[in-house]
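The listed protein sequences correspond, in order, to chains B and R. Under my numbering, the first residue of the first sequence is numbered 1, with each subsequent residue one higher. Under my numbering, the first residue of the second sequence is numbered 1001, with each subsequent residue one higher. Ideal Cβ placement from N, Cα and C applies to all residues, glycine included. Since the structure is predicted, the reported quantities are computational estimates derived from the model, not experimental observations.
2 protein chains.
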Amino acid sequence: MAAPLPVRALTDEQKYELMASNLHKVGCTVKVLLADLHAFLDADKAPEGVLEFRAQYYERVIRALLRSVGVDLTNLEFVRGSSYQLTPAFSRDLLRLSKRVSIHDAIKASSEIVKSTGEPVMADGMYPMMQLLDEEYLDVNAEFGGLDQRKTFALANGAMPRLGLKVRAHLMNPMVPGLAEAICMKIAKAFCPPRETEGNGILAFIQHVLFPYWQVRSDDGTPVISVMLKDESEPTTFQSFTDLAAVYQADSLTPQLAKKIVEEGPVALTSSIRREFESDAEWQAVTREAYPDPTPKTKKKKNEVVVLVV
Amino acid sequence: MAAPLPVRALTDEQKYELMASNLHKVGCTVKVLLADLHAFLDADKAPEGVLEFRAQYYERVIRALLRSVGVDLTNLEFVRGSSYQLTPAFSRDLLRLSKRVSIHDAIKASSEIVKSTGEPVMADGMYPMMQLLDEEYLDVNAEFGGLDQRKTFALANGAMPRLGLKVRAHLMNPMVPGLAEAICMKIAKAFCPPRETEGNGILAFIQHVLFPYWQVRSDDGTPVISVMLKDESEPTTFQSFTDLAAVYQADSLTPQLAKKIVEEGPVALTSSIRREFESDAEWQAVTREAYPDPTPKTKKKKNEVVVLVV
């Protein structure tokens, strides 16, 4: 039996990839940074032993996601952070930068990105400094990230010129509140107050993942989401999030009905990716290495007597 | 006319080299770290453009100092920090270490070493982390430094095991208070209260530089310092600092007479080094590059009329 496609493939990464696919479609060259060393620096994300497998895992998921929305992958470049972040040139630039960035500013920049467990460590400050140099070493015109990156982007605007480096354009996508929660089969418990569209994880997922997804999947660029509203016998179709939000505010679309859209959405989103995953033994093996079972193998209990019967 | 041998050669470096020469004489293998990247990280010490020349300058001075006290240089190794501190292995270890060292501890460790000009920068915290890894990468059993290193050494004791690295022995030499002041032809103004031997820069120089120097220079290992005491017509000779401190406390050796010892000491100390420097055009050239004249070339004043008379 194949392991299920991990649900983490359905969180922010997917949203970013939809954005990346749009950038790509309008003629931008897109470089996807597989930030393996950054993941290592961030206390809670990836222990060193699984870094290589996580990078392979993410590359496979992102490629599959992009293929599923029809992106031509030949002009898309995947780069590992570790492929250049340990070179002498990068290390020297990191030292140069470290003289120009105050500890206060570095920690502030990483405060929304790095999960600090206790008092700040030096890695928390090195994380955003390396990200600044990434822009230079990847030779990009713009960097695209979540709204949680805004302090790092602000640091870049201030620090890059001090090092004689170009300031890049910074594109930001709104974060989807409580998204991981919503997807992890906890949709029923997800924060979704009636009539309230602000800070609503369920609606945010519909807005930032499902509508863009159906938009890139449709032939004429018009997204369509179909839902059975309260006290209606026929499904209503929506072509924009604004229309859908209006009926939510009017409570014709109840939290329960909105959650149903989200429950059904990922099934459609991942059907092609899931098929790809299930027919690819190598990808499955990479996944097992990238996310090893945290429960230790059952050991013989102390004083337990094991008898071999022949 | 040759540039004078810069007086900085006569400060703590000399004291350390005397110690190093003793370690070497008792059979230790001594590695002298020319910490060029550390000098760069320390805000006030060395701008990047002169790093290479400073390293060459220090290596020449230290070699000359050791030769002047009869040390065999064949078994003494000089290593530039930049020769290994920018390698991928070192950079990866620096990232590993940065997850285990709190910003608080890193800044505390560097507080007595790095001259911070204003609010702490990331470089201040990277400085001691790199020094910890130096011990591992230079594969030494012990590190020797001034008392100002004690917080870095304490950090090493705590952090090295967390990274699975050996804790090294740490040897510390007392710092000579106000030494640079004392040598820079400001001996007359140096802090030297009568009868007071604690915190006295002049006496510290006699104890930590002149006595050890005359000890390594003498054939039988007995240092001798000769001085004309107050109300005496013949010079008195001292073979230990304890005896000399006793007459200082009794005020037979007045501050003025003690200063005279220090004024004359460096002349003897540097005579052979000075000869070497003055006959070595390459060393002189390196010195000019390492310590470029900070005063800009005199320019013609505005509105000044210059007339060529032929």
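Asked	Found
Enumerate in chain order the residues of its own chain whose CB-to-CB distance from Trp1214/R is below 8 angstroms, with the five nearest sequence positions on each side excluded.	Pro1223, Val1224, Ile1225
Bridge partners for Asn173/B per DSSP, in chain order?	Gly146/B
Is the distance from the Cβ of Asp1036/R to the Cβ of Ala1055/R below 9 angstroms?	yes
Kindly list the residues whose CB is nearer than 8 angstroms to the CB of Val1140/R, restricted to its own chain and excluding five residues on each side of it in sequence; keep chain order.	Lys1031, Arg1168
Could you check the C-alpha separation between Val50/B and Leu86/B for me, to the nearest Å?	18 angstroms
Evaluate Leu244/B with the Cβ neighbour count: other Cβ atoms within 10 Å of its Cβ, from every protein chain shown; 16 or more gives buried, anything less gives exposed.	buried
When the distance is taken between beta carbons, is Asp124/B closer than 9 angstroms to Ser110/B?	yes
Got a sec, what are the start and stop residues for the alpha helix (DSSP H) Thr237/B sits in?	Note, Thr237/B: premise wrong, no alpha helix (DSSP H); beta strand (DSSP E) at 236-238.
How many Å lie between Ile273/B and His24/B at the Cα?	20 angstroms
Touching or not, the stretch 1054-1073 of chain R and the stretch 1195-1207 of chain R, by the rule of three or more beta carbon pairs under 8 angstroms?	no
Could you pull the start and end residues of the beta strand (DSSP E) that Ile1225/R belongs to?	1225-1227
Please confirm whether Arg1096/R has its beta-carbon closer than 9 angstroms to some beta-carbon of chain B.	yes
So, with DSSP's three-state summary, where would you put Arg1217/R?	helix
For Tyr1084/R versus Phe1090/R, is the C-beta spacing smaller than 9 angstroms?	yes
Is Ala1039/R close to chain B, meaning its C-beta is less than 9 angstroms from at least one C-beta of that chain?	no
Which whole-angstrom value is the C-beta distance of Leu1138/R and Leu1033/R, which I expect to be below 8 angstroms?	7 angstroms
Which residues in chain R have a C-beta closer than 7 angstroms to the C-beta of Ala106/B? List them in chain order.	Met1122
Closer than 9 angstroms, CB to CB, is Arg100/B near chain R or not?	yes
Measure the alpha-carbon distance for Asp1231/R versus Cys1192/R and round it to whole angstroms.	20 angstroms
Going by C-alpha distance, which of Asp1251/R, Ser1252/R, Leu1132/R, Pro1194/R is nearest His1170/R?	Leu1132/R
Identify every run of the alpha helix (DSSP H) within the stretch 1025-1078 of chain R, keeping only runs that are complete inside it and at least 4 residues long; order them along the chain.	1036-1041, 1051-1068
For Arg1100/R, which residues in the same chain have their Cβ closer than 7 angstroms to its Cβ, ignoring the five residues on either side in sequence?	Ala1159, Arg1162, Leu1163
So what does Val1121/R bridge to, in DSSP terms?	Ser102/B
Identify whether Arg1092/R lies in helix, strand or coil by the three-state DSSP scheme.	helix
Is Leu1095/R closer than 9 angstroms to Phe40/B when the C-beta atoms are compared?	yes
In whole angstroms, give me the CA-to-CA distance for Glu362/B and Pro1047/R.	Lying before the first or after the last residue shown, residue 362/B is absent from chain B, which here runs from 1 to 310.
Look up Met1162/R in the DSSP assignment and say whether it is helix, strand or coil.	Checking the displayed sequence, the identity of residue 1162/R turns out to be Arg instead of Met. Helix, per DSSP.
Can you name the start and end residues of the alpha helix (DSSP H) that Phe241/B belongs to?	241-249
Given that Thr152/B touches chain R, what residues does it touch there, using C-beta distances under 7 angstroms?	Under the 7 angstroms cutoff, chain R gives no residues; its nearest Cβ is about 14 angstroms from Thr152/B.
Going by other Cβ atoms of all chains shown within 10 Å of its Cβ, with 16 needed for buried, is Asn200/B buried or exposed?	buried
Give the residues of chain B in contact with Ser1091/R, contact being defined as C-beta atoms less than 7 angstroms apart.	Leu86, Ser91
When the Cα atoms are used, what is the spatial distance from Arg80/B to Asp134/B?	11 angstroms
Is there a Cβ from chain B that is less than 9 angstroms from the Cβ of Gly1312/R?	With chain R covering only 1001 through 1310, there is no way to say anything about residue 1312/R.
Assuming the contact rule is C-beta atoms closer than 8 angstroms, Ala64/B and Glu276/B should be a hit. Round their C-beta distance to whole Å, please.	5 angstroms
Using a Cβ-Cβ cut-off of less than 8 angstroms, give me the residues of the stretch 124-137 of chain B that come near chain R, in sequence order.	Asp124, Gly125, Met126, Met129
Let me know the secondary structure DSSP gives Arg1195/R once reduced to three states.	coil
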